[in-house]
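Novice: According to UniProt numbering, the sequence shown is numbered sequentially starting from 1.
Backbone N, C-alpha and C define an ideal beta-carbon position, used for all residues, glycine too.
My structure is below; once you've seen it, I'll send some questions.
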Amino acid sequence: MEQISWQEFEKTDIRVGTIISAEEFPEARRPAYKLQVDLGPLGMKKSSAQITKHYKPQELVGMQVLCVTNLGKKQIGSFMSEVLVTGFADEDGDIILAQPAGKVPNGSKLM
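Here you go:
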(Lines of atoms letter the chains of each structure in order from A and count residues from 1; the text may use other names and numbers.)
(Lines give C-alpha, C1' and ligand atoms only; values in the text may rest on other atoms or scores of the structure.)
Protein backbone atom coordinates (compact mmCIF):
# COMPACT_ATOMS: atom_id res chain seq x y z
CA MET A 1 0.00 0.00 0.00
CA GLU A 2 1.24 3.48 -0.83
CA GLN A 3 2.61 5.51 2.09
CA ILE A 4 1.06 8.92 2.81
CA SER A 5 2.45 11.81 4.79
CA TRP A 6 1.16 12.94 8.17
CA GLN A 7 -0.11 16.11 6.47
CA GLU A 8 -2.16 14.02 4.03
CA PHE A 9 -3.66 11.99 6.88
CA GLU A 10 -4.60 15.18 8.75
CA LYS A 11 -6.79 16.16 5.79
CA THR A 12 -9.17 13.30 6.61
CA ASP A 13 -11.81 14.51 9.06
CA ILE A 14 -13.08 11.52 11.05
CA ARG A 15 -15.62 12.38 13.75
CA VAL A 16 -17.86 10.48 16.13
CA GLY A 17 -21.61 10.83 15.87
CA THR A 18 -24.70 9.22 17.35
CA ILE A 19 -27.23 7.54 15.06
CA ILE A 20 -30.56 9.28 15.69
CA SER A 21 -32.66 7.35 13.18
CA ALA A 22 -32.27 4.40 10.82
CA GLU A 23 -34.72 3.23 8.17
CA GLU A 24 -34.85 0.78 5.31
CA PHE A 25 -33.61 2.05 1.92
CA PRO A 26 -35.47 -0.19 -0.55
CA GLU A 27 -34.49 1.93 -3.58
CA ALA A 28 -30.76 1.23 -3.03
CA ARG A 29 -29.15 -1.21 -5.47
CA ARG A 30 -27.57 -3.10 -2.58
CA PRO A 31 -29.32 -3.55 0.78
CA ALA A 32 -28.77 -0.43 2.89
CA TYR A 33 -30.21 1.83 5.55
CA LYS A 34 -30.75 5.58 5.55
CA LEU A 35 -29.18 7.01 8.70
CA GLN A 36 -29.44 10.37 10.45
CA VAL A 37 -26.29 11.00 12.48
CA ASP A 38 -25.85 13.72 15.14
CA LEU A 39 -22.32 15.07 14.78
CA GLY A 40 -22.61 17.68 17.54
CA PRO A 41 -21.25 21.04 16.34
CA LEU A 42 -21.30 19.80 12.72
CA GLY A 43 -25.06 19.21 12.97
CA MET A 44 -27.25 16.38 11.73
CA LYS A 45 -25.93 14.54 8.67
CA LYS A 46 -27.40 11.82 6.45
CA SER A 47 -25.64 8.65 5.39
CA SER A 48 -26.50 5.55 3.39
CA ALA A 49 -24.91 2.47 4.96
CA GLN A 50 -24.73 -1.10 3.67
CA ILE A 51 -24.92 -2.63 7.14
CA THR A 52 -28.09 -4.72 6.90
CA LYS A 53 -26.46 -8.12 7.61
CA HIS A 54 -25.41 -7.35 11.19
CA TYR A 55 -27.85 -4.65 12.29
CA LYS A 56 -31.58 -3.97 12.46
CA PRO A 57 -32.69 -0.32 12.22
CA GLN A 58 -33.95 -0.20 15.82
CA GLU A 59 -30.60 -1.52 17.13
CA LEU A 60 -28.71 1.33 15.49
CA VAL A 61 -30.51 4.20 17.23
CA GLY A 62 -28.29 5.60 19.98
CA MET A 63 -25.12 3.90 18.67
CA GLN A 64 -22.00 6.03 18.29
CA VAL A 65 -20.08 5.54 15.03
CA LEU A 66 -17.03 6.97 13.27
CA CYS A 67 -17.81 9.09 10.20
CA VAL A 68 -15.63 10.65 7.52
CA THR A 69 -17.11 14.12 7.22
CA ASN A 70 -15.10 15.77 4.45
CA LEU A 71 -15.57 13.50 1.43
CA GLY A 72 -18.37 15.63 0.01
CA LYS A 73 -21.91 14.59 -0.73
CA LYS A 74 -22.80 11.51 -2.76
CA GLN A 75 -26.11 10.95 -4.54
CA ILE A 76 -27.40 7.41 -3.97
CA GLY A 77 -30.66 7.03 -5.87
CA SER A 78 -33.03 9.63 -4.49
CA PHE A 79 -30.96 10.03 -1.30
CA MET A 80 -28.07 12.46 -0.73
CA SER A 81 -25.46 10.93 1.58
CA GLU A 82 -23.44 13.58 3.43
CA VAL A 83 -20.97 11.51 5.50
CA LEU A 84 -19.35 8.09 5.23
CA VAL A 85 -20.09 5.84 8.20
CA THR A 86 -17.02 3.61 8.61
CA GLY A 87 -16.62 -0.05 9.40
CA PHE A 88 -14.71 -3.23 8.74
CA ALA A 89 -15.64 -6.16 6.51
CA ASP A 90 -16.11 -9.47 8.29
CA GLU A 91 -15.04 -12.81 6.75
CA ASP A 92 -18.07 -12.68 4.42
CA GLY A 93 -17.55 -9.06 3.37
CA ASP A 94 -20.42 -7.74 5.52
CA ILE A 95 -19.75 -4.53 7.42
CA ILE A 96 -19.24 -4.22 11.19
CA LEU A 97 -19.40 -0.56 12.26
CA ALA A 98 -16.34 1.25 13.65
CA GLN A 99 -17.13 2.68 17.08
CA PRO A 100 -15.31 4.38 19.95
CA ALA A 101 -14.56 2.08 22.90
CA GLY A 102 -16.43 4.44 25.23
CA LYS A 103 -18.92 7.30 25.01
CA VAL A 104 -17.40 10.57 23.74
CA PRO A 105 -18.99 13.91 22.80
CA ASN A 106 -20.62 13.97 19.35
CA GLY A 107 -18.38 15.71 16.84
CA SER A 108 -15.13 14.63 18.56
CA LYS A 109 -12.33 14.27 16.03
CA LEU A 110 -10.31 11.06 15.69
CA MET A 111 -6.75 11.82 16.77
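DSSP beta-bridge partners for T52?
Specialist: According to DSSP, which records beta bridges pairwise, T52 is partnered with nothing at all.
Novice: Among E27, P26 and V65, which has the Cα closest to the Cα of G40?
Specialist: V65
Novice: Inspect the beta-carbon positions of L97 and V83 and report whether they are closer than 8 Å.
Specialist: no
Novice: Where do the N-terminal and C-terminal ends of the beta strand (DSSP E) with E24 fall, by residue?
Specialist: Annotation for E24: the continuous beta strand (DSSP E) segment containing it runs I14 to E24.
Novice: Can you give me the Cβ contacts of T18 inside the same chain, cut-off strictly under 6 Å, excluding the 5 residues immediately before and after it?
Specialist: D38, Q64 and N106
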